[in-house]
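Everything below concerns the one structure shown next.
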Amino acid sequence: MGNFSERMQGVRSRLHLTREKPASSCEPRPPERMNRKTLLKEYTRLQRHCDSLKGEKKKMESDMISMERRHKEELDESKLSQKIVKLEATIVKLRQENASLNALRTAYFLRSLALERRLNDLQAKVDNAGMDRDRCQERINYMEYLKKGEAGEG
């Protein structure tokens, strides 16, 4: 029975560590200060973090299920129900965290689309300014040509 308690303590400590980890590692940087490349890096980082949380969740669930199967006769119903309640609470927290990460991922994606649209608009303005400059230069050249022609006649 002592062996089982030690294993349960190990699972509890893993659950405890998992709950603390995401709070620090999934804090987003403000998207207004990022360019598209940084946004994509942040998006990828959050995606990897989300995937690792899913993997940890599955591993914890499988560990708990296998331990419960092996030692079911050692646990009375109240202890088992307490473990189930704790696991369900952990699962709910992980789902909420996953949902918030998905929302962040969506926000970063939409922000990157908006930045790309703005970049395209600015590029179009630069192209138009270049065309206006070319037309003005043509006009200046034509005026100089006319001046030379008038100077040559007089």
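In this text, residue positions in the sequence shown follow UniProt numbering: the first is 1, and each later residue adds one. For each residue, glycine too, the CB sits at the ideal point set by N, CA and C.
Can you tell me whether DSSP reads residue i as helix, strand or coil?
i, result
"N35", "coil"
"H71", "coil"
"N141", "helix"
"P22", "Bear in mind that the predicted position of P22 carries a pLDDT of just 48, short of 50, making it too unreliable to give a figure here."
Looking at residue i: is its Cβ nearer than 7 Å to the Cβ of residue j?
i, j, result
"L115", "R36", "yes"
"L87", "M67", "no"
"R118", "Y43", "no"
Buried or exposed for residue i, please, with buried defined as at least 16 other CB atoms from any protein chain shown within 10 angstroms of its CB.
i, result
"R139", "exposed"
With a cut-off of 8 Å on the beta carbons, I'd call residue i and residue j a contact; round off their distance for me.
i, j, result
"E97", "L53", "7 Å"
"H49", "L101", "7 Å"
Check whether the stretch 105-115 and the stretch 59-74 are in contact - that is, three or more C-beta pairs closer than 8 Å.
no
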